[in-house]
Structures are given as structure tokens and as C-alpha cells.
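J.: Residues in the sequence shown are numbered from 151 upward in steps of one, following this note's numbering.
Even glycine gets a Cβ: it sits at the ideal position worked out from N, Cα and C.
The structure that follows is given in the form of C-alpha cells.
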Amino acid sequence: MEAGRRRGRRVLLLLRLGAADERRRLPAARCRVGRTLVVDPRGYETTYGFDNQLRTVQITDALAGVTEFEYDEDDNLVCVLDPRGNRRAYEYGTAGMVTRVVDELNTDSSCELASGGTSWVLTYTGLNDIESVTDPLGRMTEYAYDTPGNLIEVVVEDDASAVVAMTCFTRDGAGLATEIVESTTLTDCTGNKTLLDYDQYGNLVSVVDPRFSGAGTPPETTLDYDPGGRVLSVTNELDHETEYGYDNKNAVLTVEDHLGHVTTYGYDTKGNLTSITDAEDNTTTYVYDDADRLVEVIDALSQSTVYGYDGNGNRTLVSNARDKDTGYAFDALNRLEAITDPLDRDTLYEYDANGNLTERTDGRGLVTVYGYDAANRLTGVDYSGSSTPDVGYTYDDVGNRLTMTDGTGTTAYSYDAINRPLSVTFPGSSAVSYEYDEAGNRSRIVYPDSKDVDYSYDEAGNLESVTDWLSEVTTYAYNNAGYLAGVALPNGVETTYGYDTADRLTSVVNTGPGGTLSSFTYTLDDAGNRSQVVTPAGTESYGYDDLYRLTGVTYPDTSSESFAYDAAGNRTSTAAISYTYDDADQMLTAGAVGYDYDDAGNTIERGTDTFAYDHENRLVEASATSTAEYNGDGLRMGLTAGSSVDFTWDVASGLPVVVQDGANSYVYGLDLVSATDGNGDQVYFTYDGLGSVVDVTDDTGAVVDSYAYRAFGEMRTQSGTSDNYWLFTGEQTDEGSGLYYLRARYYEPEVGRFMTQDPFLGVVGLPQSHNRYPYVLNSPSNLIDPSGMCVFGAPCPDAIENFGDAIAGTVSDWTEPLGEAAGIVDAFESGYIDVNVTVIVPWVGVSFGVQCGKGQGCHPYAGPAVGTPGGGLTVAAFPGQSISEGLACGAQGDLTLSLLGAGASAGVGGIGTKEAAPYGGGGVSVGTPGASVTCYFVLGTLP
């Protein structure tokens, strides 16, 4: 129902009738003053109140939550009062542009502005383009334009007006960006440049990264198009080409790499992806109902996984290939309120009026209560009187976390003017601090004992060198396409990497002063799985089923292993052992060893070993011989197993890594480089192609330890007796339990499974991912899982997938502990700001034009860490899956959609057309190479 158009803004109400995709749009004349009732297919009512100008003034949701809206005499939205009583107010200039946004928290029912609150201030050019944005901390971002109105410069200043970041665009006569320069210290538009070139139709035809921008004939990535503007091929800097074929509806039919490996896609008449046939000729089939919802996936072994839905399109059922059902229930606002597993164990969720998760009850009956401030930021986690310590959080005015208080004490955080972490001070005043270079790369980390590690980078931002506190230097080299080509350690050990013309890793050679230490030459099948590796000890061969689950391994000493699986991915047998399972994929026996579980799915008994867990399913005790302590982000801060050791983490590097434990200190580059003990003795690490440690060398380059592993990580051979516990896939093993600590969970390599369920519920369209116990989809020779909840090389969009907005597992996401101010200014009504940022995904070949539209609420400098140049959000979509993510797009925020198969769709903050519904959604098919998709960040509060 379209309520009307005011000053270029369109107000949409969508009335659903019947199936989830049936919507009726009524003309404005049908909207009446007073109240309009909308009943969804499940019978829940939402009431809209209108004034006599057909403006929405009140929305009452199905749970009686009321949102109120007020307008000025020019029809500008001036106030939004949310169901929790928090107010967002807007002030306007003479041209009707938003000049100030004020958040006032825990107010009364009035929309009159008070003196308190946090405010964002905006100014505009004479053409109504945004000229500046000042955040609540007094930090300003300024925008400059050329005469036609194209954005050419973005400058970020701190609260003392010092320039802390700059992005510059050079444009051609058509307004297309031909050079992009980013810096954090320069005061003019010089520095590392990315060069872009276009054809006469405005198609991007070449990209030169900053490493080669000054070369006479630089290596470049090139794109070739057909007359219809579809990408036919993408050729990288090594002249390796990927080609694309299409049907007559412009959907991608084939993707062929430089070696001739072809992946083929099929579609129905509505454009839904119906099949993917990979280069090994294995086909996965997707089936849809009349509402175009994915209802069945038939895998390459003809095993069926079925999905069910309610009338509102919420996914209520996953029936796996073993015919075991997991049910999902939703409340009247379509929020996930219960998960019922095949053993009828329930996990329950409750929410406040703003949709924040307020309570979770797990299968054990343990209740966790979540508290929020008026800005809907998590402020506390209460574990209901259990032994698990409660957690509290505080924030600054732009949403950066300032403190976290938990059972280990208080951790404090500080930031620079563009919200990058400057220090993290752990309990006991153990501070880790950070510095950055002019391009925004982290240039130094300082440990609590003042040991420092310096980093340098090439023009493209690739790590070039690591220098530790002893002035020992590790260097990295890359080929023209940016793939790692070599590593040189300070002790004379070097590693070289080789690739085939499809850019797949085919060799790793580690050499020392005396010759080759270890080497690995890989043979890959057409789908990219490793079928063989040749080492100095001999040849290791791998066999797979059609789902690429490992079925057999032959080792260089001619010993072998075999593996069989059931339809859900549970290992059923090896050559010597059989395994049994219950309906919830919990392993009951492994040969003569019995396993038992609590009602949250945690392993509590393994033979004679016993295990205990806290509220968050974290292992806190193993067989009464070891105990572990965690902070509020779920990181292990202490371990007692005979003796006690405390861990200090670098939490600002993406995946958290241990930089010190006890008297040991660690240096990281692209991997763990070295370890130094309390006596100052230093050792260095080398790796195989999977990232497992294979050699430990001393300061002369001599090998002191070497390792070879079985396929799932068990130690096969070992020489040396050092205390090293960084082993399989480079991760940390606990000697007493034999488990690997992978941050979110513990992994048991002997059975190829985790001790607890994955907080990630799996990917719709990838049936094997719904089994939350097996390690890396049973493909350990190809995939790794350093986080314990997301397989490297497989899609992992969200910890709770898209079943609802609840949080499963740890509430705090340690990969982004440092602020969530993105989207705070979501009511800008500027003219179009076309930043012409094009993101190319070479292996799919899709380009995305990022544009912020009038009335669409673009936040021109948002990213996951707001204000950080180059900040961005990656959204992964698998075939048949539609992902909705809130995203502010703009000049410094990169939008990347990772398409895992053609036909995937994603709604990203309202991706679609200018007429997108005001609460976002979209659903644009982005599976076609060459498609040009425009991102509009629509108002989240505009009625």
C-alpha cells in the first residue's frame, strides 16, 4: 500500500496476501486517514495510523510495540519515538536537507528536542550534496566535488581539525573514477594509486593495483564484454583468464578457468537456480515451491534435504538427509523464538520491543539474560546466578566499546580519530597497543612487556616485512596477481610457493642453509581438491566421494585410512572402527569408547574422560585435570593443567591470536613466524599447503622439530622434543586432552569432530553444513576452520544464518569488538552522491556500482569500523539463499557480495531500486557476471 509521495520521498506499505511473495500495492487514494490494519498470513496484526495528510504517524506491531513519527509543516520527518521510548530527532535546513540528527535516550513521550543526547551535524553544498558530517565526538568528515557534482575528495579530521584520513578520486569526462588514492596522513592527493580504465560504454575494462601504477606497461586485470555489456572474461595480472557463458536471460550458464575446468548452472523459467554441476561433473539440484522458496536440495549423492516455511516465509523446518527434523518457531514479529532439535530439546529466545534479544534458554534449561542501553547496544550478560561470570560493556558516543568487565576483570579499549584501536588493556594492566602507517595499515604492535613488532607493506597493502624487538626481519614476496610467492625468515630458512594457471596452490618448498627441509607438491582434481601430495618421504594420496568428503588416504609408508559417512555427514566407519549416532548427530560410540552429552549438545563423557561447560558451552574443565577461564568475548585467558598459564591476545587483527603466554612471546606475519621463550631462545615455524606446522628451526636454521599428520590432524610422525604446541593447521593443541583449541570450540582429531555444536546453524543450500559437529565438512585435506565456527573455503554468512535475529552462542563477536556506529546517520536527504566505486569479483565477474540516493539514507563514510578508509562488509550468498544485512554504503565503505554460485540473491540494506521498501529487503539476483547492481541504503525508520 503506497501512502503517498512527499518531497521526493516514497512511503510504501506492502500488504501480503497468502504466500510470502504475494503483495498487493494499493493506490494512495485507498489510504485513509485514521488507522489501517494489516494482517499477515499467520494472522498477526500490524496497525498503521495516518494523519490527514496521509503521513504515517504511528505503527503498532503485533506485540503492541508502538513507534511514533512526527513531521514539520514542510512534511519533513522530525522525530521518531521507538517502542522503548528512545527518540531520534531530525533538524532541517532551508533546502529541506537534514542538518542535525540527535539521539536522546530513555526520554518521555515528547518529541521536543532537549539539550542532551548525541548528535550528528551535516552541512551541504549549494547543490545539496553533503559537504561535511560531524560525529558526536566532534570529528568531521568533509566531501569535495567537481563541477558536475562528482565526489573527488573525502577528508576525515579529528576533534582538533587535524587530517587523519583522505581518499581522492580522479575522474574522466564521463565522471568515472580513473584513479583512487587512500591515505591516513597525507594532506594532498598523492600516494598509492589504483588505476581504472573504461570503454566507450562506461564498462570497467582494466584495473592496475598500486604496486604497478607507476610502471610504463603495468600488469593489469582486464575485463572483456559482449555487445550487451556482459562480462565474457576476466584476465588477471598473470594473464590467467576466466571465461563466462550466458543464457538468453543473461543468467550465467558456465564459468571456465584458465585450465578449462567448467562449472555449469541451470535455471527454471523464473530464474531460480536449479542446478550446479562442478568441474568433476557432480551435480547439486535445487527445488522451489510456487513462492520461489527453496524447499529441497538434492546433493551429488542423490540425498535429499527438505526445508519448510510458514505463511510469512520464515524457514520453520530443516529435515536433513537422515530424515531428522529440526524445527524453528517465530513470534508475531517473525523473530526466532525457538529451535527444537530432533531429540525435542528446545532453545528459546525472547526479545524487547526493539527486537533486541533479552533472554535465551538453552536445552539444559540455563537462562542467559541480555541487557541493552537505550541505543540498543549490549551492556550486560547475566548468567542467572550460575558460576559463569556476568559480563558488562560500556561504549563511547559513536558506539566503540570502551570497557568489558567479566570474570577476568576489566578490559579497556582506546581508539584514534577514525575509530581504529590504539590499545587494548587487559586485566592487570597488560596493554597491547597499535600504530598505523600513512596508508592505514597497522605498522606496529607493542606487547605488555614493551616488546614491539613492526610491519611494512607494499603499495597494494600486502605485508612486506615483519621486524621483531630483536631486529630480526621476516620478508614476504608476491607474484603479479598478489598471491604469496615467498617467505624469508631471519634464520636463513626460505619458503617458495607455486601455482598453476588457475591460480591454485601446487607446491610449497621449505629450504634452509643446508638444503631442503620439507617440500609438498600437490596434484588437484578438476574441482580443486587435493588428490595427491609428494613429499621427500614419498607420496600421499586422497580419495573423495561426490560431496568431496574424504574417503581414503594412503600415506608415504604405505599405511592407509578409510572413512565412510552417513547421509548427514557423520563418520560411520574407518577400517578398524565403527561409529554410532543418535538423531541429533551426537556420536554415541567410537568403537569401544562411549560418548555422552548434556541437553545443549556438549560432550560430557568420552570413555572415562569427563568434561564440564559454562553457560556459553565453553569447556571449563577436562577430567578434573585441567581448567580454563574465558573473557566476555569467549577467548581463553587462562589454562591450568598441572601449572597455570595466562594468555594475552591481539584482538584487533581480525582473527584473534595469542601474542604471549607465560614467559613465551610470539611474532605473527601472515602466519605465526616465531616463538621466544623466557630465556630469549627463539624458534621459527614453516608450514605445508594446509597451514600445518611441519618444521621448527632454531636461529641457525637447523631443524629442532618436524611433524607429519594424519588427514584429520592426529600426529603421524614426530621428531624433536620441544614444548611446541602449535601444530595441525597452525593451531594450538592441549597436550593433556589431545584437543585443539579453535577459539569458539574444541576439536577432537581422533574422531574428526568438535566437542560441542557449532553456534553457526549452517548454510541453506549446503546440506552438510547443517550437521554442527563434523570438522570442515569432512574435507580436512582442503579446508580449515581457525575460528571453530566458519570453514575457510565454504560460506559462513552469520552465526545464526538467516533463521531469525536471535544470537546463538557467544553474544559478543570478537572479530568486531571495537564499535558499531555504522548507519547512525540514516536520514540524509542529499542529492545523489555517485561515488562510482566498482568492486570486481574476478572469479564471478560481477561489478557493483555503489550509489547513495536522494532520500535513501546513505551514510557516506560507514563501514564495519566507521570512518576507516577501505572499511566494508562482505555478504556471502549461496544458491537458493537470500541474505539480508544492514549496510551503509559509501565512499569509504566497500560493498562486496561473495556469490557462491550463480542465482544467489541478497538484500543488503535495501538493495534494489529507488522504490525499495523503506525497511530494506531487496532481493536482487546477482548471480550474473557483468550485472550492475546499485546499492541504496534506505531509511530504517522512515514510515
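What residues in its chain sit with their C-beta under 7 Å from that of residue 716, if we drop five residues either side in the sequence?
T.: On the sequence shown, position 566 is the one that residue 716 refers to. If we look at residue 716 and ignore the five residues flanking it on each side, its Cβ neighbours are 472, 722.
J.: Round the Cβ separation of residue 811 and residue 832 to the nearest angstrom and send it over; I've been treating them as touching at under 8 Å.
T.: The residue you call residue 811 lines up with position 661 of the sequence shown. The residue you call residue 832 lines up with position 682 of the sequence shown. About 15 Å; that fails the 8 Å criterion.
J.: Which same chain residues, not among the five before or five after residue 482, have their C-beta less than 7 Å away from its C-beta?
T.: Taking the first residue of the sequence shown as 1, we reach residue 482 at position 332. Correct list, in chain order: 194, 212, 213.
J.: Below 6 Å CB to CB, which residues in the same chain sit around residue 609 once its five sequence neighbours on both sides are set aside?
T.: In the sequence shown, residue 609 corresponds to position 459, counting from 1. So the qualifying residues of the chain are 342, 360, 361.
J.: Anyone know if the C-beta pair for residue 506 and residue 520 falls short of 8 Å?
T.: By one-based count along the sequence shown, residue 506 stands at place 356. By one-based count along the sequence shown, residue 520 stands at place 370. Result yes, Cβ atoms of residue 506 and residue 520 sit closer than 8 Å.
J.: Going by other Cβ atoms of all chains shown within 10 Å of its Cβ, with 16 needed for buried, is residue 285 buried or exposed?
T.: Locating residue 285 in the sequence shown gives position 135, where the first residue counts as 1. Under this definition residue 285 is a buried residue.
J.: Name the residue from 192, 190, 199 whose alpha carbon lies nearest to the alpha carbon of residue 1124.
T.: The shown model of the chain, from 151 to 1093, leaves out residue 1124, and the question about it has no answer.
J.: In angstroms with no decimal places, state the Cα-to-Cα distance between residue 658 and residue 543.
T.: One-based indexing of the sequence shown puts residue 658 at position 508. One-based indexing of the sequence shown puts residue 543 at position 393. Their Cα atoms are separated by approximately 45 Å.
J.: Please tell me whether residue 640 and residue 614 are closer than 8 Å, where the distance is taken between their beta carbons.
T.: To locate residue 640, count along the sequence shown from 1; it is residue 490. To locate residue 614, count along the sequence shown from 1; it is residue 464. Going by C-beta atoms, residue 640 is not nearer than 8 Å to residue 614.
J.: Taking all protein chains shown into account, do 16 or more other C-beta atoms lie within 10 angstroms of the C-beta of residue 764, making it buried, or fewer, making it exposed?
T.: Walking along the sequence shown from the start, residue 764 turns up at place 614. Counting Cβ neighbours within 10 Å, residue 764 comes out buried, since at least 16 surround it.
J.: Is there contact between the region 321-329 and the region 554-561, where contact requires at least three CB pairs shorter than 8 Å?
T.: Not touching, per the Cβ criterion.
J.: Let me check understanding here. Comparing Cα to Cα, which of 736, 840, 540, 247 lies closest to residue 493?
T.: Position 343 of the sequence shown, counting from 1, holds the residue named residue 493. Checking every option, the nearest Cα to that of residue 493 belongs to 736.
J.: Determine the direct distance from the alpha carbon of residue 465 to that of residue 953, and round the result to whole angstroms.
T.: In the sequence shown, residue 953 corresponds to position 803, counting from 1. In the sequence shown, residue 465 corresponds to position 315, counting from 1. Summary for residue 953: the model assigns pLDDT 27, below 50, so the residue's position carries little reliability; its value from the coordinates is reported in the next sentence. Roughly 6 Å separates the two Cα atoms.
J.: DSSP state of residue 208, grouped into three classes?
T.: Working through the sequence shown from its first residue, we reach residue 208 at position 58. Looking at residue 208 - three-state DSSP - the assignment turns out to be strand.
J.: What does a CB cutoff of less than 6 Å around residue 300 pick up in its chain, not counting 5 residues either side in sequence?
T.: The sequence position of residue 300 within the sequence shown is 150, counting from 1. 321, 325, listed in sequence order.
J.: My assumption, with CB atoms under 8 Å, is that residue 939 sits in contact with residue 910. Please give the rounded CB distance.
T.: Here residue 939 refers to the residue found at position 789 when the sequence shown is read from its first residue. Here residue 910 refers to the residue found at position 760 when the sequence shown is read from its first residue. That belief holds up - the Cβ atoms of residue 939 and residue 910 are roughly 5 Å apart, short of 8 Å.
J.: Is the distance from the Cβ of residue 495 to the Cβ of residue 513 below 8 Å?
T.: Taking the sequence shown and counting its residues from 1, one reaches residue 495 at position 345. Taking the sequence shown and counting its residues from 1, one reaches residue 513 at position 363. Taking 8 Å as the Cβ cut-off, residue 495 and residue 513 qualify as a contacting pair.
J.: To the nearest angstrom, report how far apart residue 370 and residue 429 are at their CA atoms.
T.: Here residue 370 is taken as the residue at index 220 of the sequence shown, counted from 1. Here residue 429 is taken as the residue at index 279 of the sequence shown, counted from 1. So the two alpha carbons sit approximately 27 Å from each other.
J.: Could you tell me which of 719, 741, 720, 734 sits nearest to residue 728, measuring between CA atoms?
T.: Counting from 1 along the sequence shown, the entry for residue 728 is found at position 578. Among 719, 741, 720, 734, the Cα nearest to that of residue 728 is on 741.
J.: Within this structure, are the beta carbons of residue 890 and residue 900 separated by less than 8 Å?
T.: Taking the sequence shown and counting its residues from 1, one reaches residue 890 at position 740. Taking the sequence shown and counting its residues from 1, one reaches residue 900 at position 750. No, Cβ-Cβ distance for residue 890 and residue 900 is not below 8 Å.
J.: Extract the residue ranges of the beta strand (DSSP E) inside the region 630-691, only unbroken runs of 3 or more that lie entirely within it.
T.: The region 630-691 contains these whole beta strand (DSSP E) runs: 634-638, 644-649, 655-662, 665-674, 680-685.
J.: DSSP has residue 358 in a bridge; who is on the other side?
T.: Here the question's residue 358 lines up with position 208 in the sequence shown. DSSP lists 345 as partners of residue 358.
J.: Which of the three DSSP states is assigned to residue 506 in this structure?
T.: Here the question's residue 506 lines up with position 356 in the sequence shown. Coil at residue 506, not helix or strand.
J.: What residue ranges within the region 207-236 form continuous beta strand (DSSP E) runs of no fewer than 3 residues, ordered along the chain?
T.: You should have 216-221, 227-231.
J.: Does the structure place the region 232-243 close enough to the region 530-548 that three or more beta carbon pairs sit under 8 Å?
T.: No, the region 530-548 does not touch the region 232-243.
J.: Tell me the DSSP secondary structure of residue 926 in three-state form.
T.: Position 776 of the sequence shown, counted from the start, is the residue given in the question as residue 926. In the structure shown, residue 926 sits in a helix (DSSP, three-state: H, G or I).
J.: Answer yes or no: does any C-beta atom of chain D fall closer than 8 Å to that of residue 223?
T.: In the structure shown, chain D cannot be found, because there is only a single protein chain.
J.: Mapping DSSP to helix, strand and coil, what is residue 1070?
T.: Sequence index remark: in the sequence shown, residue 1070 carries index 920 (1-based). Only weak support is given to the placement of residue 1070: the predicted model assigns it a pLDDT of 24, under 50, and the question is left unresolved by the model.
J.: Measuring alpha carbon to alpha carbon, tell me which of 827, 637, 790 ends up nearest residue 887.
T.: On the sequence shown, position 737 is the one that residue 887 refers to. Here the closest residue by C-alpha is 790.
J.: Can you list, in chain order, the residues of its chain with a C-beta nearer than 6 Å to that of residue 906? Leave out the 5 residues immediately preceding and following it.
T.: Position 756 of the sequence shown, counted from the first residue, corresponds to residue 906. For residue 906, where only same-chain residues beyond five positions count, the Cβ hits under 6 Å are 752, 767, 895.
J.: Which first and last residues belong to the beta strand (DSSP E) in which residue 330 is found?
T.: The residue you call residue 330 lines up with position 180 of the sequence shown. Residue 330 -> beta strand (DSSP E) spans 327-333.
J.: Which runs of the beta strand (DSSP E), 3 residues or longer, sit entirely within the region 244-310?
T.: Counting only runs of 3 or more, we get 248-254, 268-274, 280-284, 290-295, 301-307.
J.: State the DSSP-derived secondary structure class of residue 879, mapped to helix, strand or coil.
T.: As a first step, residue 879 must be located in the sequence shown, where it is residue number 729. If DSSP states are grouped into helix, strand and coil, residue 879 belongs with the helices.
J.: Just the C-alpha distance for residue 179 and residue 201, rounded to the nearest angstrom, thanks.
T.: Residue mapping note: residue 179 aligns to position 29 of the sequence shown, counting from 1. Residue mapping note: residue 201 aligns to position 51 of the sequence shown, counting from 1. For residue 179, the pLDDT reaches just 34, beneath the cut-off of 50, and the residue's location in the model is therefore unreliable, leaving the point undetermined.
J.: Near residue 539, which residues of its chain fall below 7 Å by C-beta distance, leaving aside the five closest residues on each side in sequence?
T.: For the purposes of this step, residue 539 is identified with residue 389 of the sequence shown, where counting begins at 1. Taken in chain order, the residues that qualify are 556, 557.
J.: For residue 897, is the classification buried or exposed, using 16 other Cβ atoms within 10 angstroms of its Cβ as the cut-off for buried?
T.: Locating residue 897 in the sequence shown gives position 747, counting from the first residue. Its Cβ being crowded by 16 or more others within 10 Å, residue 897 is buried.
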